[in-house]
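Scroll down for the structure; my scribbles are underneath it.
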Amino acid sequence: MTKRNSKAYILWQKIIKILGIIALIGTFFLAFWLYRLGILNDSNALKDLVQRYRLWGPFVFIVVQIIQIVFPVIPGGLTTVAGFLIFGPVTGFIYNYVGIIIGSIALFLLVKTYGRKFILLFVNDKTFYKYERRLETPGYEKLFIFCMASPVSPADIMVMITGLTDMSLKRFVTILLITKPISIIGYSYLFIFGKDVISWFLQH
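Note that our numbering has the sequence shown beginning at 8, numbered continuously upward.
Encoded structure:
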């Protein structure tokens, strides 16, 4: 890597970090705004929103879900929950599943193509080497399967790290198709439980 390329690479790292902070703040402001409008706590308002954008809504949501995985600057858990809130449990699950599978495959292939340089655009050195060391441990594939099924694991990082292995695309996709329904449904239940706990504390 030349000095010029190194400077450009560092600049892109800084830009992506800033975008991540902006996206995080923007997401919370959006959630607060939707709550104030009653969309997050009123099922009728949610139904009206879906009806208003029923043609473009699913497409836009799936694209956003793909983008937040390939370029992880938007908190993925929030978009997953948004899918359930906006589209309902069944349709929301389907849209989440499609977006997450496509995004994860794209992320895996990008790392296969560009290697560590791509990962380090989004992950700092300390975090990267922490997870890279796990590649040398026996049973890494079992750990990867567990993380893909878990609703609270660093799934995007694990996908990127796995892109550095010799795992085939076919094997990777098979694992995703089987495990992702578990993590998506698990995350929705965690959200429902967390929401109930917060409501209980606010009422007491």
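Glycine included, C-beta positions come from ideal geometry on N, C-alpha and C.
Just so you know, these numbers come straight off a predicted model, no measurement behind them.
query: In angstroms with no decimal places, state the Cα-to-Cα distance between residue 188 and residue 87.; result: 12 Å
query: Who are the near neighbours of residue 179 in its chain, counting only those whose CB is closer than 6 Å to its CB and skipping five residues on each side?; result: 115
query: Taking 7 Å as the cut-off, is the beta-carbon of residue 114 closer than that to any non-hydrogen atom of the ligand ZN?; result: Among the components modelled here there is no ligand, and therefore nothing to report on the ligand ZN.
query: Suppose you measure from the CA of residue 27 to the CA of residue 146; what does that come to, to the nearest Å?; result: 32 Å
query: For residue 11, does the three-state DSSP call read helix, strand or coil?; result: Since pLDDT at residue 11 reaches only 46, below the 50 mark, its modelled position is unreliable, and no value is offered.
query: Nearest by alpha-carbon distance to residue 192: which of 121, 157 and 70 is it?; result: 157
query: Could you give the distance in angstroms between the alpha-carbon of residue 126 and the alpha-carbon of residue 135?; result: 8 Å
query: Count the other CB atoms, across all protein chains shown, that sit within 10 Å of the CB of residue 131; report buried if there are 16 or more and exposed otherwise.; result: exposed
query: Tell me whether residue 16 sits in a helix, a strand or coil according to DSSP, three-state version.; result: helix
query: Relative to the C-alpha of residue 148, which residue among 133, 165, 161 and 137 is closest?; result: 165
query: At the level of alpha carbons, what is the spacing between residue 190 and residue 118?; result: 23 Å
query: Rank 69, 32 and 171 by C-alpha distance to the C-alpha of residue 124 and give the top, closest one.; result: 171
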